[in-house]
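Colleague: Residue numbers (the numbering used here): 19 to 260. For glycine and all other residues, C-beta sits at the position ideal for the given N, C-alpha and C. On a predicted model such as this, the values are computed, not experimentally measured, just so you know.
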Ligand SMILES: Nc1ncnc2c1ncn2[C@@H]1O[C@H](COP(=O)(O)OP(=O)(O)OP(=O)(O)O)[C@@H](O)[C@H]1O
Ligand SMILES: [Mg+2]
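1) Could you spell out where the alpha helix (DSSP H) holding residue 74 opens and where it closes?
2) Shortest alpha-carbon distance to residue 195 belongs to which of 184, 186, 180, 185?
3) From the DSSP secondary-structure annotation, give me the bridge partner or partners of residue 48.
4) Confirm, please, whether the CB-CB distance from residue 236 to residue 59 is below 8 Å.
5) Is there contact between the region 54 to 68 and the region 239 to 247, where contact requires at least three CB pairs shorter than 8 Å?
6) For my contact list, residue 161 and residue 126 are in at a C-beta cut-off of 8 Å; report their separation, rounded to the angstrom.
7) Which parts of the region 196 to 256 are runs of the alpha helix (DSSP H), unbroken and 4 residues or longer, counting only runs that do not cross its ends?
8) Does the separation of the CB atoms of residue 220 and residue 188 fall below 8 Å?
9) Which residue marks the beginning of the beta strand (DSSP E) containing residue 114, and which one marks its end?
10) Give every residue of the same chain whose Cβ lies closer than 7 Å to the Cβ of residue 134, excluding the five residues on either side of it in the sequence, and list them in chain order.
11) Could you name the residues, in chain order, whose CB is less than 5 Å away from a heavy atom belonging to ligand 1?
12) Would you report the Cα separation of residue 83 and residue 215, rounded to the nearest angstrom?
13) Which of the three DSSP states, helix, strand or coil, is assigned to residue 139?
14) Taking the beta carbon of residue 250 as the centre, do at least 16 other beta carbons fall within 10 Å, making it buried, or is it exposed?
15) Note the first and the last residue of the continuous beta strand (DSSP E) segment covering residue 90.
16) Starting from residue 179 and walking both ways along the alpha helix (DSSP H), at which residues does that stretch end?
17) Just how far apart, CA to CA, sit residue 64 and residue 55?
18) Would a C-beta distance cut-off of 8 Å place residue 80 and residue 95 closer than the cut-off?
19) Do residue 48 and residue 33 have their C-beta atoms closer together than 8 Å?
20) Mind reading off the beta-carbon distance from residue 87 to residue 45? Whole number of angstroms is fine, and I expect it under 8 Å.
21) Indicate, with yes or no, if ligand 2 has a heavy atom lying under 7 Å from the CB of residue 142.
22) Which of the three DSSP states is assigned to residue 164 in this structure?
And the structure:
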């Protein structure tokens, strides 16, 4: 877990407060130290309100910590400007949300290409091939021309996973990616994350409320009241027995 050559991200004494009203500042993350390396397939668990989404959004450079440092691929991010953060995020992080946030007016293929277009401009032949390849990897090669509302919930989430992978991120973050799916479909989507981790070598950190799913991860990080209460390797990591 601590080989610097394998490190994808590291947090040091990270704190986050929200302003509520004019004078009330409430701290929700109380000095988090955490290291994720590229071999990690980890679950972030914890009670509702414990700070999981806040933490994930900070890890994904979607929100700023109040203090502390976040190193992404060895680079400190606290003094980076917006353009630097956007570039680093676009090139190194894939994000999957509970609700897929696909663009309904776009085809499946163009949804997958979206992060590419945002970071690198007009998709070239290579990008198009890659988008098709990713759709095949998530089992949706025949659905490239469909619109999201013509797909099932599980299929839509698969498109969101393909979209998160188009820029070859070193880290895939997912906030309750199966929270909206039935048990069987959730297990299949989790299996897909495992496959992505195995075949593409990106670190994966997933928030889940489902203990059956977190038990299939290699590592479980338990966040309680804004502190990491435990961080341990699971003995029986296997998604084959869901
Ligand atoms: N934008 C915000 N402004 C003020 N407080 C916030 C904001 N976002 C979150 N909070 C508070 O921060 C705390 C942590 O919220 P967070 O959404 O990170 O929890 P969570 O662990 O993801 O919960 P859940 O499992 O319900 O998704 C909560 O007390 C929440 O009310
Ligand atoms: Mg949350």
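Modeller: Let me lay it out:
1) Along the chain shown, one-based indexing puts residue 74 at 56. Here the alpha helix (DSSP H) through residue 74 covers 70 to 77.
2) As a working mapping, residue 195 is identified with position 177 in the chain shown. Minimum Cα distance to residue 195 is reached at 180.
3) Against the chain shown, residue 48 aligns to sequence position 30. Its beta-bridge partners are 33.
4) Counting from 1 along the chain shown, the entry for residue 59 is found at position 41. Counting from 1 along the chain shown, the entry for residue 236 is found at position 218. Contact: yes.
5) Result yes; three or more Cβ-Cβ pairs closer than 8 Å.
6) In the chain shown, counting from the first residue as 1, residue 161 sits at position 143. In the chain shown, counting from the first residue as 1, residue 126 sits at position 108. Approximately 5 Å separates the beta-carbon atoms of residue 161 and residue 126; this is inside 8 Å, confirming the contact.
7) Taking only runs of at least 4 residues, the alpha helix (DSSP H) segments lying wholly in the region 196 to 256 are 201 to 218, 229 to 232.
8) Looking up residue 220 in the chain shown gives position 202. Looking up residue 188 in the chain shown gives position 170. Yes, these two residues count as a Cβ contact at 8 Å.
9) By 1-based counting over the chain shown, the position of residue 114 is 96. 111 to 114 is the span of the beta strand (DSSP E), which, as asked, contains residue 114.
10) The residue given as residue 134 occupies position 116 in the chain shown. Counting only Cβ-Cβ distances below 7 Å, and skipping sequence neighbours, we find 141, 145, 184, 185.
11) Result (chain order): 36, 46, 66, 67, 68, 69, 70, 71, 72.
12) In the chain shown, counting from the first residue as 1, residue 83 sits at position 65. In the chain shown, counting from the first residue as 1, residue 215 sits at position 197. If you take the alpha carbons of residue 83 and residue 215, they lie about 27 Å apart.
13) Working through the chain shown from its first residue, we reach residue 139 at position 121. Coil at residue 139, not helix or strand.
14) Numbered from 1 along the chain shown, position 232 holds the residue referred to as residue 250. Classification of residue 250: exposed, given that the 10 Å Cβ count is below 16.
15) On the chain shown, position 72 is the one that residue 90 refers to. Here the beta strand (DSSP E) through residue 90 covers 85 to 90.
16) Reading the chain shown from its first residue, position 161 is the one you call residue 179. 171 to 183 is the extent of the alpha helix (DSSP H) around residue 179.
17) Mapped onto the chain shown, residue 64 falls at position 46. Mapped onto the chain shown, residue 55 falls at position 37. Taking C-alpha positions only, residue 64 is separated from residue 55 by approximately 21 Å.
18) Start at 1 with the first residue of the chain shown, and residue 80 comes out as number 62. Start at 1 with the first residue of the chain shown, and residue 95 comes out as number 77. Not a contact, by the Cβ cut-off of 8 Å.
19) Taking the chain shown and counting its residues from 1, one reaches residue 48 at position 30. Taking the chain shown and counting its residues from 1, one reaches residue 33 at position 15. Cβ atoms of residue 48 and residue 33: closer than 8 Å.
20) Along the chain shown, one-based indexing puts residue 87 at 69. Along the chain shown, one-based indexing puts residue 45 at 27. Rounded, the Cβ-Cβ distance is 17 Å, inconsistent with contact.
21) Walking along the chain shown from the start, residue 142 turns up at place 124. Every heavy atom of ligand 2 is 7 Å or more from the Cβ of residue 142, so no.
22) In the chain shown, residue 164 corresponds to position 146, counting from 1. Residue 164 carries a coil assignment under DSSP once its states are collapsed to helix, strand and coil.
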